[in-house]
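Novice: The structure follows.
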Amino acid sequence: MGRKLLIEHAQVEGIRTYEVYRKQGGYRSVEKALKTMSPDGVLEEVKKSGLRGRGGAGFPTGMKWSFLAKPEGVPRYLLCNADESEPGTFKDRYLMEKIPHLLIEGMITSSYALGANTSYIYIRGEYSWIVFILEKAIQEAYANGWLGKNILGSGYDLDLYVAPGAGAYICGEETALIESLEGKRGNPRVKPPFPAVKGLWASPTVVNNVETIAAVVPIINDGGDEYAKIGIGKSTGTKLISAGGNINRPGVYEIELGVPVEEFIYSDEYCGGIKNGKKLKACVPGGSSVPILPHFLINKTANGEQRLMTYESLSDGGFVSGSMLGSGGFIVYDEDQCIVRNTWNFARFYRHESCGQCSPCREGTGWMEKVLWRMENGQGKLSDIDMLVDIAKKIEGNTICPLGDAAAWPVAAAVRHFREEFEWHVHEPKACMERNYGLVREPVAV
Amino acid sequence: MTTTSATHGTPFQFSEAALAEAKALMQKFPEGKHKSAILRILHIAQEENHGWLSIAAMDQVAAVMGIQPIEVYEVATFYSMYNLQPVGNYVLEFCHTGPCAIEGAERIIAYTQQKLGIATGETTADGVFTIKEVECLGACGYAPMMQVGEFYHEHLTEAKIDQFLEDCRAGKIDKGTWKMH
Ligand SMILES: Cc1cc2nc3c(=O)[nH]c(=O)nc-3n(C[C@H](O)[C@H](O)[C@H](O)COP(=O)(O)O)c2cc1C
Ligand code: SF4
Ligand code: FES
């Protein structure tokens, strides 16, 4: 059993309430930080921990915090990104729903480190019931002196609010989130300036994922060095993985980074193997935006090394034979799933969610969707396959925000690993509408 | 990005309670930044306008917030949770994204469409149900799923849909509320 730092107490009766959370050791990190540490001291611990952003990009949190501009007399903001809309990802929901106070505690300790006196949790609007869970917890935190003026007599003030969105994946992109929080359409901003210099209302701003902020709590409680002992190399600590698809035990698991992927999929502690005794066909390990892996690259890398649940191991081989840890949205496909249909489905998602500002993304996502749809419906041409790759290439790197890349990568990866299956769709137009291609063959070394 | 046209609708007034709440929401933001409260105020307006945002309702939001109507329209047309046309009493919002699709979402959606005799985007003649298809709602491990009002209904089966529709008709399904709890 791996250590659990975040959701260890998730099943404790009443943990959603302040009393029970406090009894389980809650709010110690705030006490420790405000009474015994300077803001920079907190930052140092976060740096030492090696914590990397859990929202998808994996950027070192301590470094991100140290970039925050601190001009005199200008407010600074910490925004928690609880927009969680990446297909396959439902871990932040679990954390907020079960242990709302953990996020609030993390927000207080982190806001103190950054010198923010007002912070917001931007949460996707569909999680409306969680809005109220969080607001109740915030009220309790105010009532018990953890929020408001002069917290614990330290002279530090903090107000914390929840701000719900209204349905838009793009608002998870940090500058779109800021626009949305300002009461506008969620159109990403051109960077620079980066939020660390000009973010919310043109003030210096840090945006962090729910899980990142929650991880600050154990880091301050036990020290950054302790946290860094967990995991492998630059993948330190624990990570929440939301597992879905054709597995026996879908759900949210906290793993120590470094667990073998094979163990994660097959052990009864986690996914419990493929449902209905079927074979594993493919896996998207980090949310819909990361490249799909065919079965022969899931448990082992192209070099034959064991694949581990770490940032490095999952991306081993680059986009040729690897993928990414991403948001931890782990999607498993059995042998009955059609890769063309799945790729079409994701293309449709990105077309729908594109904000429309950049032509490559706005037009390209629509083209990919249409081409994939006609292949899936037995009307594809062989030249469509290369056209898909070409469109993906033309989107990648040519847009304001990374949504364009996120739309391009899954298509490019599906064609790379499952070209045979795409070709089969063209050659067997009738069969492809009735049944699935089956398992792709392992490439033979030549 | 969605492109939608809006409808004027009948005159709209916020209830006293909603008006008070809208004012409280605006105060959560610094002086002069109260426009930030718009998304939530729109949620409340939608709830008070039978589940959709008419132009009349959006104009009221603009008036209450002291901003231009166009500022409200451009926001309301961007986000998928706002309905710009009338909807039924229960809006069944099915997730149709990948992880749900491979666990049977398409089958469940087709079943519901057949049962109600409507396509996605349509409302039953009696005005009870609207079917909407939406993107991943963060319930991928509990697929197939739909959202109705504030709540998620997960691990859907045909039998569960039958029961659910019946319970809706009997008025037994709680839709929750965007107003303060
Ligand atoms: C299209 C798009 C959607 C995103 N959605 C989310 C999201 O829902 N939640 C999240 O934490 N980060 C999301 N991100 C990443 C954020 O932009 C940002 O990197 C992250 O919130 C930073 O937090 P972290 O450093 O703690 O991971 C998204 C990025 C893009 C480009
Ligand atoms: S890449 Fe797509 S989502 Fe991002 S800003 Fe451009 S059009 Fe909008
Ligand atoms: S794919 Fe349906 S909830 Fe995520």
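Protein sequence lines, in the order shown, are assigned to chains A and B.
Quick note: the first sequence uses this note's numbering, first residue -10, plus one each step.
Quick note: the second sequence uses this note's numbering, first residue 185, plus one each step.
Where a beta carbon is used, it is the ideal one built from N, C-alpha and C, also for glycine.
1. Report all residues from its chain with a CB closer than 8 Å to the CB of A/K21; omit the five preceding and five following residues, and keep chain order.
2. For A/F48, count neighbouring Cβ atoms within 10 angstroms of its own Cβ and tell me buried if that reaches 16, exposed if not.
3. Can you pull the chain A neighbours of B/R224, defined as C-beta to C-beta under 8 Å?
4. Just checking A/P399 against ligand 2 - is the residue's beta carbon closer than 7 Å to any of the ligand's heavy atoms?
5. Helix, strand or coil, according to DSSP, for A/Y457 in the structure here?
6. The beta strand (DSSP E) spanning B/C279 covers which residue range?
7. At a CB-CB cut-off below 7 Å, which residues of chain A make contact with B/S264?
8. Give me the chain B residues within the contact set of A/H341, using Cβ-Cβ distance strictly less than 7 Å, ordered along the chain.
9. Going along chain A in order, which residues have a C-beta closer than 7 Å to the C-beta of B/K217?
10. Quick check on this structure: which residue in A/T225, A/G172 and A/L166 has the alpha carbon closest to the alpha carbon of A/N198?
11. Are the CB atoms of B/H280 and B/E290 nearer to each other than 8 Å?
12. Taking the alpha-carbon positions, what's the A/I119 to A/L84 distance?
13. Smallest Cα separation from A/L189: which of A/K80, A/G213 and A/L57?
14. Would you kindly check if the distance between the Cβ of A/V404 and the Cβ of A/M364 is under 8 Å?
15. Less than 8 Å between the C-beta atoms of A/N237 and A/D325, yes or no?
16. Tell me whether A/M313 counts as near ligand 3, meaning its Cβ is closer than 7 Å to at least one heavy atom of that ligand.
17. In chain order, what are the residues with a CB under 6 Å from some non-hydrogen atom of ligand 2?
18. If you measure beta-carbon to beta-carbon, which residues of the stretch 317 to 343 of chain B are closer than 9 Å to chain A?
19. With a Cβ-Cβ cutoff of 8 Å, do A/S304 and A/M313 count as a contact?
20. Since B/K207 meets chain A, which of its residues come closer than 7 Å, beta carbon to beta carbon?
21. Less than 8 Å between the CB atoms is what I'm expecting for A/G134 and A/I127, so what's the real figure, rounded?
22. When you measure from the CB of B/L321 to every non-hydrogen atom of ligand 3, does any distance come out below 7 Å?
23. Short of 7 Å in beta carbon distance, which residues of its chain neighbour A/S316, apart from the five on each side in sequence? Order them along the chain.
24. Starting from B/E258, find everything on chain A with Cβ-Cβ shorter than 7 Å and list it in chain order.
25. Is there at least one non-hydrogen atom of ligand 3 closer than 7 Å to the beta-carbon of B/A294?
26. Sorted by chain position, which residues of the same chain lie with C-beta nearer than 6 Å to A/G213's C-beta, five sequence neighbours on each side aside?
27. Relative to the C-alpha of B/G193, which residue among B/I239, B/H227 and B/E215 is closest?
28. For the stretch 101 to 151 of chain A, list the beta strand (DSSP E) runs that are entirely contained and at least 3 residues long, ordered along the chain.
29. Please return the same chain residues whose Cβ sits closer than 7 Å to the Cβ of A/A(-1), not counting the five positions on each side in sequence.
30. Figure out for me which residue from B/T314, B/T261, B/G301 and B/S189 has the closest Cα to the Cα of B/L223.
31. Below 6 Å CB to CB, which residues in the same chain sit around B/H227 once its five sequence neighbours on both sides are set aside?
32. Looking at the C-beta of B/K212, does it have a partner C-beta in chain A at a distance below 8 Å?
33. Comparing the C-beta of A/T78 with each C-beta of chain B, is any distance below 8 Å?
34. Helix, strand or coil for A/L314, going by three-state DSSP, please let me know.
35. Report the residue from A/P418, A/E115, A/P153 and A/Q368 whose alpha carbon sits nearest the alpha carbon of A/L68.
Specialist: Inspection of the coordinates gives the following:
1. I209 and N210
2. exposed
3. Within chain A, the residues A152 and P153 have their CB atoms less than 8 Å from the CB of B/R224, given in chain order.
4. No, the beta carbon of A/P399 sits no closer than 7 Å to any heavy atom of ligand 2.
5. What the structure shows of chain A is the stretch from -10 to 435, and residue 457 of chain A is not part of that stretch, so it cannot be assessed.
6. Start and end: Y274 to C279.
7. Residues of chain A passing the Cβ test: G156 and A157.
8. Residues of chain B with a Cβ closer than 7 Å to the Cβ of A/H341 are, in chain order, E319.
9. Neighbourhood of B/K217 in chain A, by CB distance below 7 Å: W190, in chain order.
10. A/L166
11. yes
12. When rounded, the separation of the alpha-carbon atoms in A/I119 and A/L84 is 10 Å.
13. Selected option, being the one with the closest Cα: A/L57.
14. no
15. no
16. No.
17. A/I159, A/P177, A/S343, A/C344, A/G345, A/Q346, A/C347, A/C350, A/R351, A/T388, A/I389, A/C390, A/L392 and A/G393
18. V318, E319, C320, L321, G322, A323, C324, G325, Y326, A327, Q331, G333, E334, F335 and Y336
19. yes
20. Going along chain A, no residue has its Cβ under 7 Å from B/K207, so there is no contact; the nearest lies around 15 Å.
21. At roughly 13 Å, the Cβ-Cβ gap does not stay under 8 Å, so A/G134 and A/I127 are not in contact.
22. yes
23. G44, G45, E75, T78, G275 and G276
24. R174
25. No.
26. E34, K37 and S38
27. Out of B/I239, B/H227 and B/E215, B/I239 has the C-alpha closest to the C-alpha of B/G193.
28. 107 to 112
29. Result list for A/A(-1): K87 and I88, in chain order.
30. B/T261
31. W362
32. yes
33. yes
34. coil
35. A/P153
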